[in-house]
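Asker: Keeping their order, the protein sequence lines are chains A and B.
Under this note's numbering, think of the first position of the first sequence as 22, with each following residue one higher.
Under this note's numbering, think of the first position of the second sequence as 22, with each following residue one higher.
In this text, a Cβ means the ideal position worked out from N, Cα and C, and glycines have one as well.
There are 2 protein chains.
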Amino acid sequence: MIQDLKEEYGDIFEEELINEIVQVGTFKEVQEGYKFMEIGDYIRGMPLLISGVIKILREDEDGDELLLYYLEKGDTCSMTMACCMGDKKSEIRAIAETDAKLIMVPIQKMEEWTGKYKSWRNFVFNSYHVRLNELLSTLDNIAFQKMDERLIGYLKEKARVTKDNIIHSTHQDIAYDLHSSRVVISRLLKKLEEMGKIKLHRNYLEILDL
Amino acid sequence: MIQDLKEEYGDIFEEELINEIVQVGTFKEVQEGYKFMEIGDYIRGMPLLISGVIKILREDEDGDELLLYYLEKGDTCSMTMACCMGDKKSEIRAIAETDAKLIMVPIQKMEEWTGKYKSWRNFVFNSYHVRLNELLSTLDNIAFQKMDERLIGYLKEKARVTKDNIIHSTHQDIAYDLHSSRVVISRLLKKLEEMGKIKLHRNYLEILDL
DNA sequence: ATACCTCTGTAACCAATGTTACTGCGAAGG
DNA sequence: CCTTCGCAGTAACATTGGTTACAGAGGTAT
């Protein structure tokens with residue numbers, strides 16, 4: 022755990038802070054599909070992601086889903102922080118997109134450290150900042166793009182975070198993430214295949230040239 | 022300026038911080054329609070809003086607009102903070118929705134104060150938190166609601182922040198904010214009028230019972 | 001092998017939204 | 001008073017995306 026932590030966070034946190042994290046944090050290794058957090062859950066801790074990818078989803082009252090963004094190594098969940106501050110329930114769902122390693126830090130330490138360590142303060146501010154921009158760009162996509170463009174963006178982003186040009190998803194999976202319907206996604210994927218941009222298979226698809 | 026500041030922020034900032042703000046901040050009084058910030062601008066300072074309403078807009082490459090949310094008294098612009106941190110350009114446009122009073126604080130003070138004053142730190146964190154949730158709810162509206170629901174929400178919110186049941190906007194104005202077209206908005210407004218929820222006039226409309 | 005189940009392809013249809021075009025109204029200014 | 005201009009009403013049409021329904025393909029379990 023210590024070497025993992027140092028490797029990923031050693032450059033930005035001072036020695037002393039690293040030690041504190043090691044003392045109070047708990048190491049966690051989870052598998053793809055693990056649900057970290059459900060909408061309405063109270064938040065127990067703040068995750069520091071060491072490896073893997075976590076996807077953050079929003080859901081409305083009717084159960085309709087929407088992918089917000091991915092967390093990658095070195096990221097933390099600003100939503101979590103936002104919730105901690107107000108001692109509120111989670112507004113989002115977090116699911117491991119790949120196997121992942123992370124350290125959970127008790128939320129009480131958050132405020133203590135923001136006073137004590139400049140590096141921690143910067144880290145937290147920076148996380149907020151990155152997340153805010155991420156949300157903005159998600160908003161842009163939904164507000165200004167049509168489904169075909171959103172689909173292409175989705176495939177690219179998914180390939181990027183998983184470092185894999187094979188997307189292991191069914192059409193239905195994709196439809197959920199984009200808050201669309203299976204038939205629509207099938208239709209658009211077919212067009213992309215006809216254009217030679219992707220190759221479709223059962224349960225997965227290859228990205229050729231997006 | 023001092024009494025305005027104390028009135029609005031006296032409860033959350035300690036005396037010493039208030040004094041610092043008075044020393045380095047510049048008081049500003051602007052009229053409805055004043056453009057605080059344009060997309061691509063570098064950010065000079067951080068606004069502390071004392072009275073009035075500022076609307077925050079997003080725009081894409083094609084010039085299509087979208088209202089993100091309103092800032093009210095006691096608010097600050099997290100986007101500004103986010104941009105300062107990275108010394109980046111603004112991602113948004115900010116326009117006075119009503120006449121407004123505010124204090125501009127040089128961005129260099131931001132970091133100094135986050136180390137020095139706990140109240141400032143909490144204020145900044147809280148702003149991020151509020152803005153993050155605001156963005157989330159904007160996202161919800163766009164992703165999960167149809168135009169008629171969004172329109173109703175828009176009218177309600179606008180009436181709330183301006184404390185006025187008369188909405189002084191043309192159909193085109195509304196269409197811009199919702200990123201729709203004038204004809205669509207006219208159509209939907211007409212329906213709302215037929216349902217007895219609003220009363221239409223030239224250049225403004227009355228909210229009867231939304 | 002057979003039965004079953006999930007995933008994909010496709011067509012036909014519908015609803016919501018956006019677009020174009022034209023009308024008339026009313027305010028403002030010469 | 002008359003002209004002009006911006007705003008609102010409305011119809012006709014196009015496009016996008018969502019829905020329903022069904023067929024076939026491929027994998028899995030018995």
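Would you say the stretch 110-121 of chain B touches the stretch 60-69 of chain B, given that touching needs at least three Cβ pairs under 8 Å?
Answerer: Segments in contact, yes.
Asker: What do you reckon, are the CB atoms on Ala-121 (chain A) and Gly-73 (chain A) nearer than 8 Å?
Answerer: Closer than 8 Å, so yes.
Asker: Does the beta-carbon of Leu-89 (chain A) have 16 or more other beta-carbons within 10 angstroms, so that it is buried, or is it exposed?
Answerer: Leu-89 (chain A) should be labelled buried.
Asker: How far does the alpha helix (DSSP H) with Thr-119 (chain B) in it reach, from first residue to last?
Answerer: It is not in any alpha helix (DSSP H) - Thr-119 (chain B) carries neither H nor E in the DSSP assignment.
Asker: Taking CB distances under 8 Å as the criterion, tell me whether Tyr-90 (chain B) reaches chain A.
Answerer: Not closer than 8 Å to any Cβ of chain A, the Cβ of Tyr-90 (chain B) fails to qualify, so no.
Asker: Could you give the DSSP three-state label for Phe-165 (chain A): helix, strand or coil?
Answerer: Residue state, collapsed to three classes: helix.
Asker: Can you tell me whether Lys-220 (chain A) is buried or exposed, with buried defined as 16 or more other CB within 10 angstroms of its CB?
Answerer: Classification for Lys-220 (chain A): exposed.
Asker: Quick check: what's the CA-CA separation for Glu-41 (chain A) versus Ser-148 (chain B)?
Answerer: Answer to the nearest angstrom: the Cα atoms are 28 Å apart.
Asker: Hey, Phe-34 (chain A) and Ala-115 (chain A): beta-carbon distance below 8 Å or not?
Answerer: Not in contact: Phe-34 (chain A) and Ala-115 (chain A) (Cβ atoms no closer than 8 Å).
Asker: Going straight from the alpha carbon of Cys-98 (chain B) to that of Met-125 (chain A), what length do you get?
Answerer: Those two C-alpha atoms are separated by around 30 Å.
Asker: Can you pull out the residues from the stretch 149-170 of chain A whose beta carbon lies closer than 8 Å to at least one beta carbon of chain B?
Answerer: Per Cβ criterion, the list reads Tyr-149, His-150, Arg-152, Leu-153, Asn-154, Leu-156, Leu-157, Thr-159, Leu-160, Asp-161, Ile-163, Ala-164 and Phe-165.
Asker: For Gly-136 (chain B), go through chain A and note every residue whose CB falls closer than 9 Å to its CB, in chain order.
Answerer: What Gly-136 (chain B) touches in chain A: Gly-136, Lys-139 and Arg-142.
Asker: To the nearest angstrom, how far is the alpha carbon of Glu-118 (chain B) from that of Leu-209 (chain B)?
Answerer: Cα-Cα distance, rounded: 23 Å.
Asker: Helix, strand or coil for Arg-65 (chain B) per DSSP?
Answerer: Correct three-state label for Arg-65 (chain B): coil.
Asker: Could you tell me which residues DSSP pairs with Ile-188 (chain B) in its beta bridges?
Answerer: Answer is B:Leu-226, bridged to Ile-188 (chain B).
Asker: Go ahead and pull the three-state DSSP assignment for Val-74 (chain A).
Answerer: Of the three classes helix, strand and coil, the one that applies to Val-74 (chain A) here is coil, per DSSP.
Asker: Using beta-carbon positions only, say whether Leu-69 (chain A) and Leu-157 (chain A) come within less than 8 Å of one another.
Answerer: No, the pair does not count as a contact, with Cβ atoms beyond the cut-off.
Asker: Which whole-angstrom value is the C-beta distance of Asp-161 (chain B) and Tyr-175 (chain B), which I expect to be below 8 Å?
Answerer: With 8 Å as the limit, Asp-161 (chain B) and Tyr-175 (chain B) do not qualify as a contact, their Cβ atoms being about 14 Å apart.
Asker: The beta strand (DSSP E) spanning Lys-212 (chain A) covers which residue range?
Answerer: Looking at the DSSP string, Lys-212 (chain A) is not in any beta strand (DSSP E); the run it does join, the alpha helix (DSSP H), is 203-215.
Asker: Give the interface partners of Leu-87 (chain A) over in chain B, defined as CB-CB distance under 7 Å, in chain order.
Answerer: By Cβ distance, chain B contributes Ala-164.
Asker: Could you work out which residue in A:Leu-78, A:Glu-132, A:Glu-28 and A:Leu-226 is closest to Ile-245 (chain A) when comparing CA atoms only?
Answerer: Outside the displayed span of chain A (22 to 231) sits residue 245 (chain A), for which this structure offers no information.
Asker: Give, in chain order, every residue of the stretch 175-194 of chain A whose Cβ lies closer than 9 Å to some Cβ of chain B.
Answerer: Taking 9 Å as the Cβ-Cβ cut-off against chain B, none of the residues of the stretch 175-194 of chain A qualify.
Asker: For Met-58 (chain B), report the span of its beta strand (DSSP E) as first-last.
Answerer: Note, Met-58 (chain B): beta strand (DSSP E), 56-58.
Asker: Identify every residue that forms a DSSP beta bridge with Lys-49 (chain A).
Answerer: According to DSSP, Lys-49 (chain A) bridges with A:Leu-123.
Asker: Give me whichever residues DSSP pairs with Arg-79 (chain B) in a beta bridge.
Answerer: According to DSSP, which records beta bridges pairwise, Arg-79 (chain B) is partnered with B:Leu-87.
Asker: Would you say Glu-37 (chain A) faces chain B, with C-beta separation under 8 Å as the test?
Answerer: Chain B, which has no Cβ nearer than 8 Å to the Cβ of Glu-37 (chain A), makes this no.
Asker: How should Arg-152 (chain B) be labelled, buried or exposed, when 16 other C-beta atoms within 10 angstroms of its C-beta is the threshold for buried?
Answerer: It is buried - the Cβ of Arg-152 (chain B) has at least 16 other Cβ atoms within 10 Å.
Asker: Tell me, which residues are paired with Arg-219 (chain A) by DSSP?
Answerer: Note that residue 219 (chain A) corresponds to Ile in the displayed sequence, not to Arg. Ile-219 (chain A) pairs with A:Ile-228.
Asker: So if DSSP puts Leu-92 (chain A) in a beta bridge, which residue, or which two residues, is it bridged to?
Answerer: In DSSP, Leu-92 (chain A) forms a bridge with A:Ile-75.
Asker: Along the chain, where does the alpha helix (DSSP H) that runs through Thr-97 (chain A) open and close?
Answerer: That residue, Thr-97 (chain A), is in no alpha helix (DSSP H); it is neither H nor E in DSSP.
Asker: Kindly indicate which residue of B:Ile-75, B:Lys-177, B:Glu-178 and B:His-222 has the alpha-carbon position closest to the one of His-192 (chain B).
Answerer: Looking at the Cα atoms, B:His-222 is the closest of the given residues.
Asker: Kindly list the residues whose CB is nearer than 6 Å to the CB of Ile-77 (chain B), restricted to its own chain and excluding five residues on each side of it in sequence; keep chain order.
Answerer: These residues qualify, in order along the chain: Leu-89, Tyr-90, Ile-113 and Ala-115.
Asker: Quick one: is Val-204 (chain A) buried, meaning 16 or more other Cβ sit within 10 Å of its Cβ, or exposed?
Answerer: Exposed, because fewer than 16 other Cβ atoms sit within 10 Å of the Cβ of Val-204 (chain A).
Asker: Along chain B, in chain order, which residues have C-beta atoms closer than 7 Å to that of Ser-111 (chain A)?
Answerer: The premise fails here: Ser-111 (chain A) is roughly 11 Å from chain B at the closest Cβ pair, so nothing lies under 7 Å.
Asker: Taking the alpha-carbon of Met-216 (chain A) as reference, which of A:Asp-169, A:Gln-24, A:Ala-196 and A:Asp-194 has the nearest alpha-carbon?
Answerer: Minimum Cα distance to Met-216 (chain A) is reached at A:Asp-169.
Asker: Evaluate Lys-211 (chain B) with the Cβ neighbour count: other Cβ atoms within 10 Å of its Cβ, from every protein chain shown; 16 or more gives buried, anything less gives exposed.
Answerer: So Lys-211 (chain B) counts as exposed.
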